[in-house]
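A.B. asks:
Number of protein chains: 2
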Amino acid sequence: MTAPTITAPTHRDPVSLRAIDTDLHHRITDWRAIAPFVPEGLRNRVARSGGPPMARHAYRPLGVSDPDAVAAAGDPARTKEAYLDPHGVDLAILTGTLTNLSVQPNVDIAAGLARGVNDWTLETWVRPFDCYKGSILVAPQDPVQAVEEIDRLGSDPGMVQVLIGSASEAPLGRRVYHPIYDACVRHNLPLALHIGGEGAGMSPAATAVGHPTTTFEWYGALPQSYMAHLMSMVTEGVFERFPTLKVVLYEGGIFWLPHVMWRFDKNWKAQRAETPWVKERPSAYILRHVHSTTYPLEAPPNSDALEQVLEMVEAHRTLLFAGNFPDWDFGDPFAMLDGIPDELRRPILVDSALAVYGERLLAPNR
Amino acid sequence: MTAPTITAPTHRDPVSLRAIDTDLHHRITDWRAIAPFVPEGLRNRVARSGGPPMARHAYRPLGVSDPDAVAAAGDPARTKEAYLDPHGVDLAILTGTLTNLSVQPNVDIAAGLARGVNDWTLETWVRPFDCYKGSILVAPQDPVQAVEEIDRLGSDPGMVQVLIGSASEAPLGRRVYHPIYDACVRHNLPLALHIGGEGAGMSPAATAVGHPTTTFEWYGALPQSYMAHLMSMVTEGVFERFPTLKVVLYEGGIFWLPHVMWRFDKNWKAQRAETPWVKERPSAYILRHVHSTTYPLEAPPNSDALEQVLEMVEAHRTLLFAGNFPDWDFGDPFAMLDGIPDELRRPILVDSALAVYGERLLAPNR
Chain A
1 MTAPTITAPT
11 HRDPVSLRAI
21 DTDLHHRITD
31 WRAIAPFVPE
41 GLRNRVARSG
51 GPPMARHAYR
61 PLGVSDPDAV
71 AAAGDPARTK
81 EAYLDPHGVD
91 LAILTGTLTN
101 LSVQPNVDIA
111 AGLARGVNDW
121 TLETWVRPFD
131 CYKGSILVAP
141 QDPVQAVEEI
151 DRLGSDPGMV
161 QVLIGSASEA
171 PLGRRVYHPI
181 YDACVRHNLP
191 LALHIGGEGA
201 GMSPAATAVG
211 HPTTTFEWYG
221 ALPQSYMAHL
231 MSMVTEGVFE
241 RFPTLKVVLY
251 EGGIFWLPHV
261 MWRFDKNWKA
271 QRAETPWVKE
281 RPSAYILRHV
291 HSTTYPLEAP
301 PNSDALEQVL
311 EMVEAHRTLL
321 FAGNFPDWDF
331 GDPFAMLDGI
341 PDELRRPILV
351 DSALAVYGER
361 LLAPNR
Chain B
1001 MTAPTITAPT
1011 HRDPVSLRAI
1021 DTDLHHRITD
1031 WRAIAPFVPE
1041 GLRNRVARSG
1051 GPPMARHAYR
1061 PLGVSDPDAV
1071 AAAGDPARTK
1081 EAYLDPHGVD
1091 LAILTGTLTN
1101 LSVQPNVDIA
1111 AGLARGVNDW
1121 TLETWVRPFD
1131 CYKGSILVAP
1141 QDPVQAVEEI
1151 DRLGSDPGMV
1161 QVLIGSASEA
1171 PLGRRVYHPI
1181 YDACVRHNLP
1191 LALHIGGEGA
1201 GMSPAATAVG
1211 HPTTTFEWYG
1221 ALPQSYMAHL
1231 MSMVTEGVFE
1241 RFPTLKVVLY
1251 EGGIFWLPHV
1261 MWRFDKNWKA
1271 QRAETPWVKE
1281 RPSAYILRHV
1291 HSTTYPLEAP
1301 PNSDALEQVL
1311 EMVEAHRTLL
1321 FAGNFPDWDF
1331 GDPFAMLDGI
1341 PDELRRPILV
1351 DSALAVYGER
1361 LLAPNR
């Protein structure tokens, strides 16, 4: 469990960075481009129109994404030209679109796709462009293969985190997932979760009380996955066992964190007899280990409420900028920072991402 | 859909009231006492040691409730003596312990039990004691029988609300449940939800990502049911269709409301095309229709955070006192008010309950 030494020279001066986007959804425009990267037996199933067989849910995106932006997101040079350069984004972490990989019943297809997409991302986006960093996508439903994939790519300076969809058959604190966290800390990689596959494949209904009917209802409820996962991780002692594990939560907002932290703190006083390994207040683990992202933030009716909650969640060190390109249904991600106090802008746009991802973020990609 | 006229003379001066407890868990000590009140064919199944056949989950209470208090909660005179009188509680709304009735697969047993427990509550607690008011417990999984029960008891001055467990096979905004809400507003009765049955019987796993392992984890996650139900009710247009419906949420805290309201507001701007009947911002419906209760409130590390969230949720008119007798795992419910600003005490303890429940709360019980 020693952190890897990245021997490549640091080539960026952090002071010069203007913005680090932690959530850029690069797209697979044509699955035939992925086929060469997946195991041979899977190639014919991947190289079909529409891509590989994958369980999907019926909640489709509603917002009208800009078709030019969507097209650009399939090409690294065009994305740089259309988004990064005009917006002053110096570095972007690629998160792709496979948020429902985590609930595919065929774990071998899931693991093969993860491997293929990771190599394709490295080859076509990360190696040729120093402005991009990759995520090691894994399918947690087979922890053994997930660990193999993290070990395979965990020392690559082009990869800066492990990424899994938050949609899940079981809460992520369960002990069966701990080898994944062990691999994350062994390679000094944060674990990022992304909502989106809830209700598909092996996942239960997208809420604790059954299936939402509309995208509007479904999308609104998604942060409940994060709540349940965090409670599970705290309860099962993940942060006691892996004290250096960092967690990044995409697209879930921040206003629920005080509820989870402080309901849980109150319960802990009465109920911790059952989980004696949970030695600290739950809020202490959450504030120390969990990072949130800006797209989309909740929209309170006044900036007082926003500033108050930013303080409750210690946003000056826990909140990271997320651009969510090319899906800007909720507006420009930079405009979303407008209500945020000036002194938080630099931490959100640059400093906290550097603290979370470390020097790997600044290293060359090859 | 006209409100009922309660002809019994108002016999209490609201000014004299010191505290109204909206959540007193009176207990069934011996199911044989219920047997005479259930339909004849169900009596032999109810009058067994341990009570009727009911699906249960494995999350058992952890806290050590005071055995004297638990015993007292089975008897109206002893409850008055042990709890109401020494604490200055003038009125208490009885909520029982059958929070998992809502997920029993046999809907006829569920409806029969609801009817029996309601009549037993009226006969043994409410009629003889003016300090108690009852809840019309119904099993929402059979809306037709639920409506019949509301119509049967909806004009009784001893009954002040309709009560259902929040554990549910489906989100409560679904149109199949709308006749229940129609019956609530027809009788001018608030709809109260109580957590506790999540994970039992017909309910999905207690979180959107599967089964929690411990009581600590399970109990912490329960407000997610409320979040999903509220989103469903807003999305399906419940509050447009039933503009006088009031909802009371027990034991779920309040710190999650700003998240639900304002994530949902933000999404509404982008996603409402799918639900054109949702004419207002979701937060407007939630603030107008939803009431929360004090036991247990989240435990923030400082009173600033509590005061800020109390203001965000407009607690001066939306928050009701709940005593949760006899289960005080999280401490004395009056001590829980200590961090609350003085000017909110009277609204929480008396005025808001009067506003929610109306003059029925002050009427004699027979």
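Residue numbers (this note's numbering), protein chains in the order written: chain A, 1 to 366; chain B, 1001 to 1366. All C-beta atoms in this analysis are idealised placements derived from N, C-alpha and C, irrespective of residue type, glycine included.
Beta-carbon separation of A:F334 and B:N1267 under 9 angstroms?
C.D. replies: no
A.B. asks: How big is the Cα-Cα spacing for A:P326 and A:P296?
C.D. replies: Approximately 13 angstroms between the Cα atoms of the pair.
A.B. asks: Can you tell me where the beta strand (DSSP E) holding A:I109 begins and where it ends?
C.D. replies: Element bounds for A:I109: not the beta strand (DSSP E) but the alpha helix (DSSP H), 107–121.
A.B. asks: Check distances from the C-beta atoms of the region 189–210 of chain A to those of chain B and list, in chain order, the residues that come in under 9 angstroms.
C.D. replies: E198, G199, S203, P204, A205, A206, T207, A208, V209, G210
A.B. asks: Check the Cβ-Cβ distances between A:P9 and every residue of chain B, and say whether any is below 9 angstroms.
C.D. replies: Low per-residue confidence applies at A:P9: pLDDT is 45, beneath 50, and the placement is therefore not dependable enough to give any value.
A.B. asks: Of the residues that make up the region 1258–1277 of chain B, which ones have a beta carbon closer than 9 angstroms to any beta carbon in chain A?
C.D. replies: Residues of the region 1258–1277 of chain B with a C-beta atom less than 9 angstroms from some C-beta of chain A are P1258, H1259, V1260, M1261, W1262, R1263, F1264, D1265, K1266, N1267, W1268, K1269, A1270, Q1271, R1272, A1273, E1274, T1275, listed in chain order.
A.B. asks: Using 9 angstroms as the limit for Cβ to Cβ distance, is A:V290 near chain B?
C.D. replies: Taking Cβ atoms only, chain B never reaches closer than 9 angstroms to A:V290, which makes this a no.
A.B. asks: Provide the residue span of the alpha helix (DSSP H) that contains B:I1150, from first to last.
C.D. replies: Segment 1143–1153, the alpha helix (DSSP H) holding B:I1150.
A.B. asks: If you measure beta-carbon to beta-carbon, which residues of the region 1316–1336 of chain B are closer than 7 angstroms to chain A?
C.D. replies: Listed by position, the residues of the region 1316–1336 of chain B near chain A (Cβ gap below 7 angstroms) are D1329, F1330.
A.B. asks: Helix, strand or coil: which one does DSSP assign to A:S65?
C.D. replies: coil
A.B. asks: Does the contact criterion of 3 or more C-beta pairs under 8 angstroms hold for the region 246–259 of chain A versus the region 289–303 of chain A?
C.D. replies: yes
A.B. asks: Closer than 9 angstroms between beta carbons: that is the criterion. Which residues of the region 229–240 of chain A meet it against chain B?
C.D. replies: H229, M231, S232, V234, T235, E236
A.B. asks: A:G339 touches chain B at which residues, Cβ-Cβ below 8 angstroms?
C.D. replies: Chain B residues near A:G339: none, gap ~12 angstroms exceeds 8 angstroms.
A.B. asks: If contact is defined by three or more beta carbon pairs under 8 angstroms, each pair taking one atom from either stretch, is the region 1239–1251 of chain B in contact with the region 230–247 of chain A?
C.D. replies: no
A.B. asks: Confirm, please, whether the CB-CB distance from B:L1163 to B:Y1083 is below 9 angstroms.
C.D. replies: no
A.B. asks: Assign A:A3 to one of three DSSP states: helix, strand, or coil.
C.D. replies: Only weak support exists for where A:A3 lies, its pLDDT of 46 falling under 50; the value from the coordinates is given anyway. Here A:A3 sits in coil by DSSP.
A.B. asks: Mapping DSSP to helix, strand and coil, what is A:A71?
C.D. replies: helix
A.B. asks: Using only the alpha-carbon positions, how far apart do A:E123 and A:G220 sit?
C.D. replies: 35 angstroms
A.B. asks: I want to verify the contact list: residues of chain B whose CB lies under 9 angstroms from the CB of A:M227, in sequence order.
C.D. replies: What A:M227 touches in chain B: T1207, A1208, G1220, A1221, P1223, Q1224, M1227, W1256.
A.B. asks: If you draw a straight line from the C-alpha of B:P1204 to the C-alpha of A:A363, how long is it?
C.D. replies: 46 angstroms
A.B. asks: Take A:H187 and list the residues in its own chain whose beta-carbon comes closer than 7 angstroms to its own, dropping the five residues that flank it on each side.
C.D. replies: P4, I150, G154, S155
A.B. asks: Where do the ends of the alpha helix (DSSP H) carrying A:Q224 lie?
C.D. replies: 223–235 is the span of the alpha helix (DSSP H), which, as asked, contains A:Q224.
A.B. asks: Cα separation between B:Y1285 and B:R1241?
C.D. replies: 12 angstroms
A.B. asks: For my contact list, B:L1042 and B:L1098 are in at a C-beta cut-off of 8 angstroms; report their separation, rounded to the angstrom.
C.D. replies: Wrong, their Cβ atoms sit about 14 angstroms apart, outside the cutoff.
A.B. asks: Residues in its own chain within less than 7 angstroms of B:I1012 by CB, not counting five upstream and five downstream?
C.D. replies: Rather than Ile, the amino acid found at residue 1012 of chain B in this sequence is Arg. Excluding sequence neighbours, B:R1012 sits near L1362.
A.B. asks: Among residues of its own chain, excluding the 5 on either side of A:R281, which ones have a beta-carbon nearer than 7 angstroms to its beta-carbon?
C.D. replies: Cβ neighbours of A:R281 beyond the five flanking positions: D265, W268.
A.B. asks: Quick test of your reading: B:A1322 and B:D1021, contact by CB under 8 angstroms. State the CB separation rounded to the nearest angstrom.
C.D. replies: 7 angstroms
A.B. asks: Taking the beta carbon of A:R366 as the centre, do at least 16 other beta carbons fall within 10 Å, making it buried, or is it exposed?
C.D. replies: exposed
A.B. asks: Excluding the five sequence neighbours on either side, which residues of its own chain have a C-beta within less than 6 angstroms of the C-beta of B:L1306, listed in chain order?
C.D. replies: P1300, G1339
A.B. asks: Just reading off the beta strand (DSSP E) that A:I136 is part of, what are its end residues?
C.D. replies: 132–137 is the extent of the beta strand (DSSP E) around A:I136.
A.B. asks: In terms of DSSP beta bridges, what is B:V1162 paired with?
C.D. replies: B:I1136, B:L1191
A.B. asks: Report the residue from A:I34, A:V64, A:S65 whose alpha carbon sits nearest the alpha carbon of A:G50.
C.D. replies: Closest option to A:G50, Cα to Cα, is A:I34.
A.B. asks: Say whether chain B places a C-beta atom closer than 9 angstroms to the C-beta of A:Q308.
C.D. replies: It does: the Cβ of A:Q308 has a partner Cβ on chain B nearer than 9 angstroms.
A.B. asks: If we ignore side chains and look at the alpha-carbon of each, how far apart do A:W31 and B:P1052 end up?
C.D. replies: 56 angstroms
A.B. asks: For B:P1300, which residues in chain A fall below 7 angstroms Cβ to Cβ?
C.D. replies: P258, W262
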